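Here's the structure, in structure tokens; my notes come after.
There are 2 protein chains.
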Amino acid sequence: MPIPPRNETSTASPSGISTITVDLDDRSYPIVINSGQTNATDPSGFATHFREALGDCTHAIIVQDTAIAASAGNAVADALGTDDTFGTDDTQGTAGQGNDDLRLSVIDVASGEPSKSTDRIAQLWNEMLDTAADRRSVVIAVGGGVIGDLAGFAAATFTRGLRLVQVPTTLLAMVDSSVGGKTGINLPGGKNLVGSFWQPHLVWIDTDFLKTLPEREYVSGLAEVIKYGVIEDAEFFDYLESNITAILDRAPEPTRHAIARSCESKARVVADDERETTGRRAILNYGHTFAHAIESTAGYGAFLHGEAVSIGMQMAAELSVRLGRCPAELLTRQTALLDAAGLPLRWKDADVEKMIAVMARDKKVAHGKLRFVLPDRIGNVELVGDVPADLVSAAIEACR
Amino acid sequence: MPIPPRNETSTASPSGISTITVDLDDRSYPIVINSGQTNATDPSGFATHFREALGDCTHAIIVQDTAIAASAGNAVADALGTDDTFGTDDTQGTAGQGNDDLRLSVIDVASGEPSKSTDRIAQLWNEMLDTAADRRSVVIAVGGGVIGDLAGFAAATFTRGLRLVQVPTTLLAMVDSSVGGKTGINLPGGKNLVGSFWQPHLVWIDTDFLKTLPEREYVSGLAEVIKYGVIEDAEFFDYLESNITAILDRAPEPTRHAIARSCESKARVVADDERETTGRRAILNYGHTFAHAIESTAGYGAFLHGEAVSIGMQMAAELSVRLGRCPAELLTRQTALLDAAGLPLRWKDADVEKMIAVMARDKKVAHGKLRFVLPDRIGNVELVGDVPADLVSAAIEACR
Chain A
1 MPIPPRNETS TASPSGISTI TVDLDDRSYP IVINSGQTNA TDPSGFATHF REALGDCTHA
61 IIVQDTAIAA SAGNAVADAL GTDDTFGTDD TQGTAGQGND DLRLSVIDVA SGEPSKSTDR
121 IAQLWNEMLD TAADRRSVVI AVGGGVIGDL AGFAAATFTR GLRLVQVPTT LLAMVDSSVG
181 GKTGINLPGG KNLVGSFWQP HLVWIDTDFL KTLPEREYVS GLAEVIKYGV IEDAEFFDYL
241 ESNITAILDR APEPTRHAIA RSCESKARVV ADDERETTGR RAILNYGHTF AHAIESTAGY
301 GAFLHGEAVS IGMQMAAELS VRLGRCPAEL LTRQTALLDA AGLPLRWKDA DVEKMIAVMA
361 RDKKVAHGKL RFVLPDRIGN VELVGDVPAD LVSAAIEACR
Chain B
1 MPIPPRNETS TASPSGISTI TVDLDDRSYP IVINSGQTNA TDPSGFATHF REALGDCTHA
61 IIVQDTAIAA SAGNAVADAL GTDDTFGTDD TQGTAGQGND DLRLSVIDVA SGEPSKSTDR
121 IAQLWNEMLD TAADRRSVVI AVGGGVIGDL AGFAAATFTR GLRLVQVPTT LLAMVDSSVG
181 GKTGINLPGG KNLVGSFWQP HLVWIDTDFL KTLPEREYVS GLAEVIKYGV IEDAEFFDYL
241 ESNITAILDR APEPTRHAIA RSCESKARVV ADDERETTGR RAILNYGHTF AHAIESTAGY
301 GAFLHGEAVS IGMQMAAELS VRLGRCPAEL LTRQTALLDA AGLPLRWKDA DVEKMIAVMA
361 RDKKVAHGKL RFVLPDRIGN VELVGDVPAD LVSAAIEACR
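Going down the list, the sequences are from chains A and B. Following the UniProt record's numbering, the numbering of the first sequence begins with 1 at its first residue and continues without gaps. Following the UniProt record's numbering, the numbering of the second sequence begins with 1 at its first residue and continues without gaps.
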């Protein structure tokens with residue numbers, strides 16, 4: 001049985017749609033979570049929410065993942081194209097709403113991390129110009145994290161900034177990368193080294209898009225969901241313990257609830273520290289310092305991101321127990337929940353020395369000292385500096 | 001005889017240094033205008049102002065124009081390298097100021113518009129990574145508008161944003177592009193189509209850097225200086241009429257004053273409309289709609305930007321007179337001042353039809369209607385829409 005959202009940023013309608021507001025003054029925006037409403041013709045559909053958030057838009061550019069998200073992109077295009085306010089058939093906008101017709105362009109981007117390159121962004125900028133985009137154009141990113149990051153950075157920079165709508169189609173993107181305004185691309189020398197903080201005007205999360213997501217990817221996304229419970233929402237952790245089976249079955253109601261609570265967590269943290277200046281946003285990196293070292297030493301692609309995060313959370317909890325910062329029960333509960341979700345708990349090939357070397361180069365390291373986000377209880381983490389290297393080694397060892 | 005600045009954003013010290021504040025809440029920053037103080041060892045030098053604006057900086061990347069600004073870049077590097085707070089010789093920072101040593105990197109960029117390309121920005125990002133830049137690094141752009149725009153965009157986007165110092169070395173960059181936060185690059189399809197609004201933390205204007213600027217470039221920069229008088233500072237226009245000869249001689253005091261008043265004008269406009277959302281910033285485009293059409297139809301490079309702006313201001317004033325929006329005396333005074341500055345007043349090869357076709361494609365055109373920034377008196381302009389094409393033609397004809 002679901003528990004109600006713990007604050008008033010979320011409002012649920014009878015149809016199961018809930019809206020969370022990311023509170024950032026004049027950059028505030030709604031996250032609308034629903035199941036199968038993209039094409040709804042009543043006021044619960046995408047077109048209505050798009051019009052509310054982007055009233056004067058006359059040109060939208062759908063940037064979509066060719067392989068995975070084309071059906072989602074088509075759904076979005078259909079929703080906008082057949083809406084009688086935005087018809088592409090020369091229908092004038094509804095009187096009084098001030099909308100001209102909406103012109104739609106579609107740009108395809110190949111799946112996968114290689115698309116987050118300097119070459120691809122340059123090509124995307126030119127493709128956007130080819131659509132005759134101007135400053136009133138809106139970019140709609142439809143796909144997983146790669147598309148959201150790339151299209152988001154293109155939106156941030158084309159004519160010094162276009163409005164952006166995120167339509168995530170993977171669980172990971174729904175609960176993490178589509179919310180919070182981080183956009184960017186990779187350099188050969190490292191990931192996400194170039195980008196902008198650029199908040200969307202709307203995040204549209206339709207859980208129907210998850211129906212075709214491969215099981216391994218879906219499970220991987222659950223690592224970030226469980227993370228929110230550990231870092232700042234103990235009640236949500238309880239909920240996940242009770243409902244993990246239904247969520248694994250992708251039952252609409254608990255899936256929407258899990259996504260909504262995750263987005264609420266992220267929205268709270270982002271509202272406190274939009275541009276990573278106060279340090280609060282660092283708590284989102286729980287498990288991630290280890291995870292990046294796992295991904296880097298295993299070779300990118302060996303683990304899905306969420307899988308590495310799951311093992312990384314286990315290492316972080318092991319470390320926290322060793323530092324006497326949290327009871328062993330926390331580790332027990334986290335282990336059980338990650339395991340129930342089907343996530344990996346250990347990496348038998350972990351190379352302790354190599355992982356520590358990678359962590360020492362991590363951009364979150366201050367002056368060469370190892371820092372970790374560590375839990376003291378379910379629902380609270382702290383940034384801990386100056387951690388002895390031998391305990392870090394022991395924590396990694398414990399997860400081999 | 002100089003008149004005092006008309007508001008309190010400018011403070012002049014006995015040494016002739018004046019500081020103007022660009023008032024943008026938490027993005028406010030000083031513009032420091034001086035003559036030959038870059039290397040000063042007393043508190044009037046660059047190092048002091050840098051330390052005040054960027055106290056915790058431990059790594060600065062000088063991005064400089066190879067051909068033109070290397071001597072200025074060297075002066076900046078010397079100023080930081082020999083300052084006893086920032087010494088690169090392992091001297092610790094002055095107690096209580098919290099500064100570590102400052103590490104300096106230098107990146108050379110070729111002169112000229114072709115450097116504002118997607119290829120060059122990708123290379124620059126990689127070069128910055130090669131310097132081991134991190135989020136606390138500071139970019140110092142030393143050069144003309146091309147370097148400021150390119151290095152500024154790199155600063156805006158590397159690790160989602162580094163702090164930026166602008167050290168303009170051309171008159172045009174001093175009075176225009178270094179102030180206000182516009183950064184960007186070109187696409188093959190058009191100029192400045194990609195970029196960010198990214199405010200610097202400090203603009204350092206040393207008029208000594210102008211000593212080696214070619215006469216034609218210096219005069220070109222005066223077009224933008226005179227523009228500020230027309231658009232929003234009648235008193236400054238008077239001053240320029242009285243002091244244009246001394247300014248042409250590059251006498252330090254009147255040159256500093258002309259730059260300071262120009263920067264004050266720009267700072268006021270930018271403070272009202274940082275991101276071009278209210279429309280106020282459009283007044284900075286006085287003469288520019290015509291100028292872009294001149295540059296585009298003449299082929300980029302035939303005119304320097306300021307030369308095209310000078311002719312464009314004449315066309316705009318001719319248009320305003322024809323529309324009955326301003327007295328002929330305005331045109332007479334503007335003509336006399338531009339002429340006294342050595343700027344061109346007409347373009348005998350202007351192709352009226354081609355120019356109007358270019359203007360119809362300009363991004364400042366709303367729904368295909370020609371809009372112009374037009375003066376009604378010296379010191380005030382308005383954005384005027386729906387201008388009859390035949391009067392535009394006549395205004396161009398009048399300047400052939």
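Idealized CB from N, CA, C, for every residue including glycine. Small disclaimer: the values here were computed from a predicted structure and weren't measured.
Cβ of residue i within 8 angstroms of any chain A Cβ
i      : result
V22/B  : no
K116/B : no
R160/B : yes
V270/B : no
A79/B  : no
S177/B : no
G184/B : yes
G385/B : no
Rounded separation between residue i and residue j - CA only
i      : j      : result
E224/B : D176/B : 7 angstroms
Q123/A : A336/B : 47 angstroms
A155/A : D390/A : 45 angstroms
G45/B  : P214/B : 26 angstroms
D100/A : H292/B : Bear in mind that the predicted position of D100/A carries a pLDDT of just 47, short of 50, making it unreliable; the figure below should be weighed with that in mind. Going by the C-alpha atoms only, they are around 29 angstroms apart.
N39/B  : I226/A : 56 angstroms
T157/A : K116/A : 15 angstroms
T131/A : L222/B : 38 angstroms
A394/B : W347/B : 14 angstroms
I61/B  : G180/A : 29 angstroms
A75/A  : T58/B  : 50 angstroms
G324/A : S310/A : 21 angstroms
C326/B : P375/B : 7 angstroms
A340/B : Q334/B : 10 angstroms
Cβ-Cβ separation, residue j to residue i (assumed contact under 8 angstroms), whole Å
i      : j      : result
E318/B : A398/B : 5 angstroms
L338/B : L330/B : Not a contact, Cβ separation roughly 12 angstroms.
G342/B : L248/B : 7 angstroms
L383/B : R371/B : 6 angstroms
L202/A : F50/A  : 7 angstroms
V138/A : V167/A : That pair is no contact at about 12 angstroms.
A234/B : I378/B : 5 angstroms
D119/B : Q64/B  : Actually they do not touch by this definition, with Cβ atoms about 19 angstroms apart.
T159/A : A69/A  : Contact doesn't hold; Cβ gap of about 25 angstroms is too wide.
Outcome for residue i when other beta-carbon atoms lying within 10 angstroms are tallied against a minimum of 16
i      : result
G73/B  : buried
T332/A : exposed
Y228/A : buried
R275/B : exposed
K266/B : buried
Y300/A : exposed
E353/A : exposed
T212/A : exposed
E307/B : buried
E232/B : buried
P388/B : exposed
L184/A : Note that residue 184/A is Gly in the sequence shown here, rather than Leu. It counts as buried.
G287/B : buried
D42/A  : exposed
Min CB distance residue i to chain B below 8 angstroms
i      : result
G152/A : no
S310/A : no
V32/A  : no
L129/A : yes
N126/A : yes
N99/A  : For N99/A, the predicted model reports a pLDDT of 41, less than 50, meaning its position is unreliable; a value from the coordinates is still stated below. No, no contact with chain B.
A293/A : no
A60/A  : no
T66/A  : no
Residue i Cβ short of 7 angstroms to the ligand SAM heavy atom set
i      : result
S296/B : Ligands displayed in this structure: none; no statement on the ligand SAM is therefore possible.
Beta-carbon neighbours of residue i, restricted to chain D and to distances below 7 angstroms
i      : result
G195/B : The structure shown has no chain D; the protein chains it does contain are A and B.
*Three-pair Cβ contact test at 8 angstroms for the stretch 99 to 113 of chain B versus the stretch 19 to 39 of chain B*: no
*When the Cβ atoms of the stretch 255 to 269 of chain A are set against those of the stretch 192 to 212 of chain A, are three or more pairs found closer than 8 angstroms?*
yes
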